[in-house]
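Residue numbers (our numbering): 1116 to 1688.
Right under this line is the structure:
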């Protein structure tokens, strides 16, 4: 499999461990390309009227950094917020490569062992209202997200910071977090131990600054309305019509505003696939993601720009290990191994995704090595072992039922699978799983379909048996996705905890030897999948992205955090 490699700037966190001052150099804008190797370079000059219309398929839950829990919110935050660094791209089409660029931090360095990082903020940084961005605001933000009283869904990304585990457990005050403002423009972050991927984590929204005065002004309403939100990024939210649209305009106070062409960005909130496909075809939308081959062929035939890429978004089933039925590992394995991922991809996704057999997605690398190629395919190995033993997934189910004293008739089981969407695609997935589980296991499952907010609330409270969802990785290291199942993580509430898993994963994340890290990640993944089978990975999203021919400057890489920053139009009629 061909994988993308990070450029030299991305390796800064590793290099800095051997030098006391690893100063990041340039912040000059680089050529972002037009995102399609087959597309003719624009020659007529950029359009005078720069605007961009796109869509999201659900309402964002919140624009509060410390309470964000869905990708829809992330889209808006990546456009309206700025952190210390941005994960950008250079080149075009299949030749695009990742590049970490200085953002609000114009430079940074670490101490000799890589445990203390010092970030130097640029001069003249401002929020959209003209107030200065300061190091204290980063301190406030990180402390707020680390505070267990905030219940930040993404607080686990702060795990590398000194004293975070104790703060999360409530045994130390949040003021002991390893972060401080040396002065208004200097931020110091102290880690528990060296972490070779620390700089890669910083584009994550949880590392963005926050305005204490604005948050306290609006209280629980903060992040729920346009007027109750503030940003420091390329764009600012002008209007939020709930369940309809979010309209943004260029933020002239943004430090890099001169490299932002778009004056207006509109996110239409469209839940129905037919609606947004028709809107793209008629030119009302400038980009769209399709899910069927018919639409791929249709839009290619109409001359739309086709820019597909394999993302870091994983679709999976997961189990509530506190539920009586799914507390049994053999039953979890039965529901995992019975799913034919190749067939699932063809039937549910029209062959448009990549069947996936491990928790870490196929796009992940450790250094120059593709992790999935090095670690193997967990589910395939388990299925092969079961077959070699002359058993089927139903045998595992019956064994688990016997262990729980539930008899030997699978049709008597009461099982409900929960889904966080009411879209047609999601309902089709539910119907497919119903058929598979009935045919192969003899279990007639029930399905429930709710909007994301209700679904997520049920999952977080443990009010479910098993579910289906997707999760997108933030940065290119297996720890990103493996850490979702660490003890205490609120990302995916399975109720599972395993000390050996925690220890192996925490050891891996601080090991500077890449070969050793791969081995340790592999062992942790085997505990999660082969031994405990807490989650059931199914498919990695192959993003079938289309743009109108006049759109340029977009990314075809799954981990970039540029969003609409570098997009521009040329030749819009």
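A virtual CB, placed ideally from N, CA and C, is assigned to each residue, including glycine.
Partner residues in a beta bridge of residue 1605, as assigned by DSSP, do not exist.
The continuous stretches of alpha helix (DSSP H) do not include residue 1224, which lies in the beta strand (DSSP E) extending over residues 1220-1225.
A distance of 8 Å or more separates the beta carbons of residue 1359 and residue 1350. Here the C-alpha atom of residue 1543 lies approximately 23 Å from the C-alpha atom of residue 1394.
Under a 10 Å Cβ-count criterion, residue 1446 is classified as buried, with 16 or more other Cβ atoms of the shown protein chains found around its own Cβ. The straight-line gap separating the alpha-carbon atoms of residue 1558 and residue 1619 is approximately 36 Å. In the DSSP annotation of this structure, the continuous segment of the beta strand (DSSP E) that includes residue 1429 starts and ends at 1424-1434. Looking at the DSSP output, residue 1418 bridges to nothing. If you look at residue 1370, you'll find it isn't in any beta strand (DSSP E); DSSP assigns it neither H nor E. Residue 1191 and residue 1352 do touch by the CB rule: their CB atoms are close to 7 Å apart, below 8 Å. Looking at the backbone, the Cα of residue 1289 and that of residue 1339 are separated by about 25 Å. Under the Cβ criterion (8 Å, minimum of three pairs), the segment 1524-1536 counts as touching the segment 1576-1595. Straight across, the Cα-Cα distance linking residue 1486 with residue 1655 is about 14 Å. Residue burial annotation: residue 1207 is buried, with at least 16 other C-beta atoms found within 10 angstroms of its C-beta.
In this structure the segment 1562-1572 does not touch the segment 1431-1445; the number of beta carbon pairs closer than 8 Å is below three.
Judged by pairs of C-beta atoms under 8 Å, the segment 1649-1663 does not touch the segment 1297-1315, as fewer than three such pairs exist. Counting only runs of 4+ residues, the alpha helix (DSSP H) found wholly inside the segment 1246-1320 occupies 1250-1261, 1279-1284, 1313-1316, in chain order. Between the segment 1311-1324 and the segment 1264-1276, the count of C-beta pairs closer than 8 Å reaches three or more; the two stretches touch. Shortest Cα-Cα distance from residue 1606 to any of 1677, 1572, 1388, 1460 involves 1572.
Fully enclosed beta strand (DSSP E) runs of no fewer than 3 residues occupy 1650-1662 of the segment 1617-1666, in order along the chain. Counting the other Cβ atoms within 10 Å of the Cβ of residue 1517 gives fewer than 16, which makes it exposed.
Within the model, the alpha-carbon separation for residue 1625 versus residue 1418 is close to 48 Å. A contact is defined here as three or more CB-CB pairs under 8 Å, and the segment 1506-1520 meets this definition with respect to the segment 1448-1460. When C-beta atoms of the segment 1622-1641 are compared with those of the segment 1366-1374, fewer than three pairs fall below 8 Å, so the two segments do not count as touching. Contact between residue 1189 and residue 1182 is ruled out by a C-beta separation of about 12 Å, above the 8 Å threshold. By the Cβ-count criterion, residue 1498 is buried, with 16 or more other Cβ atoms from all chains shown falling within 10 Å of its own Cβ. Here residue 1639 is not near residue 1599, since their CB atoms are 8 Å or more apart.
When the five nearest sequence neighbours on each side are left out, the beta carbons in the same chain lying within less than 7 Å of the beta carbon of residue 1474 are those of 1596, 1597, 1640, 1643, 1644, 1650, 1652, in order along the chain. Within its own chain, the residues whose Cβ lies closer than 7 Å to the Cβ of residue 1610, once the five positions on either side in sequence are excluded, are 1435, 1436, 1437, 1577, listed in chain order. It is roughly 9 Å from the alpha-carbon of residue 1386 to the alpha-carbon of residue 1536.
In this structure, the CA atom of residue 1687 is about 11 Å from the CA atom of residue 1167. Judged by DSSP secondary structure, residue 1502 falls within the alpha helix (DSSP H) whose first and last residues are 1493-1503.
Bridge pairing for residue 1587: 1428 [DSSP]. With contacts defined as CB atoms closer than 8 Å, residue 1216 and residue 1237 fail to qualify as a contacting pair. When secondary structure is reduced to three states using DSSP, residue 1171 falls in the strand class. Under the three-state reduction of DSSP, residue 1193 is assigned to helix.
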